[in-house]
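Participant: Below are the structure tokens for one structure; questions will follow.
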Amino acid sequence: MDIRLEKISEEDINEINRIQKLAFMDSYHQYKFCPAFEATNEQMISFLEKAEAYKILLNEIIIGSVFTYKISYNHYELDTISVDPQFQNMGIGGKAIRLIENLYPTVQTWTLSTPETDYRNRHLYENLDYQQVGTEFVNEYLNLIRYKKEIGKP
Numbered sequence: 001m002d003i004r005l006e007k008i009s010e011e012d013i014n015e016i017n018r019i020q021k022l023a024f025m026d027s028y029h030q031y032k033f034c035p036a037f038e039a040t041n042e043q044m045i046s047f048l049e050k051a052e053a054y055k056i057l058l059n060e061i062i063i064g065s066v067f068t069y070k071i072s073y074n075h076y077e078l079d080t081i082s083v084d085p086q087f088q089n090m091g092i093g094g095k096a097i098r099l100i101e102n103l104y105p106t107v108q109t110w111t112l113s114t115p116e117t118d119y120r121n122r123h124l125y126e127n128l129d130y131q132q133v134g135t136e137f138v139n140e141y142l143n144l145i146r147y148k149k150e151i152g153k154p
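Per the numbering used here, residue 1 is the first one in the sequence shown, and the count goes up by one each step.
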């Protein structure tokens, strides 16, 4: 399944937000908190001003998105990765992450967070060589695991 990434435009926001709500609905109900699920279209537009945001395309159809934030010249945060539930468990998330990493060859450090009990995501990130580096308490329902990946460092 060949996917490609393309920068998100304001015209894409409604569809991106619809997919995010589908992708993160279960997380919101389980953890009673999920900014990706709760975001309005207006908030999504403001995210575009701060983030490097890409839509995931399959046969020219938007099936997901990836939002990254520049922390420093060689450090980026993978903030939100969403895939439409009907396309999940097909390797698309992993392919999208590899495409993002390849778009930024000068980035040596990638970081991200995922819920402690989201074993599918944890398995994905660990298979992509992300290492656990810490935890973060969010609320009584949610602890996040912080991950880090070092690329090209001796």
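Ideal placement from N, C-alpha and C gives every residue a C-beta, glycine not left out.
#1: Should Asp129 go down as buried or exposed, given a rule of 16 or more other Cβ atoms within 10 Å for buried?
#2: State the beta-bridge partners of Asn143 as determined by DSSP.
#3: Would you identify the three-state DSSP class for Lys32, choosing helix, strand or coil?
#4: Give the DSSP bridge partners of Ser72, in chain order.
#5: When the distance is taken between beta carbons, is Phe33 closer than 9 Å to Gln20?
#6: For a test of the three-state rule: what should DSSP assign to Ile63, helix, strand or coil?
#7: For Ile71, count neighbouring Cβ atoms within 10 angstroms of its own Cβ and tell me buried if that reaches 16, exposed if not.
#8: On the criterion of 16 or more Cβ atoms from any shown chain inside 10 Å, does Met44 qualify as buried, or is it exposed?
#9: If the criterion is Cβ atoms closer than 9 Å, does the pair Gly64 and Ala96 meet it?
#10: Is the beta carbon of Ile16 sitting closer than 9 Å to the one on Lys50?
#11: Let me know the secondary structure DSSP gives Ser215 once reduced to three states.
#12: Rank Arg98, Asn139, Tyr76, Tyr104 by C-alpha distance to the C-alpha of Gln30 and give the top, closest one.
#13: With distances taken Cα to Cα, identify the nearest neighbour of Phe47 among Leu124, Asn59, Thr135, Tyr69.
#14: Could you name the residues of the same chain whose beta carbon sits closer than 8 Å to that of Ala23, not counting the 5 residues immediately before and after it, in chain order?
#15: Once DSSP output is grouped into helix, strand and coil, what is the label at Pro105?
Facilitator: The relevant details are as follows:
#1: exposed
#2: Phe137
#3: coil
#4: His75
#5: no
#6: strand
#7: exposed
#8: buried
#9: yes
#10: no
#11: For the chain, the structure presents residues 1 to 154; residue 215 sits outside this window and is missing.
#12: Asn139
#13: Tyr69
#14: Ala36, Gly64, Ser82, Val83, Asp84, Pro85, Gln88
#15: coil
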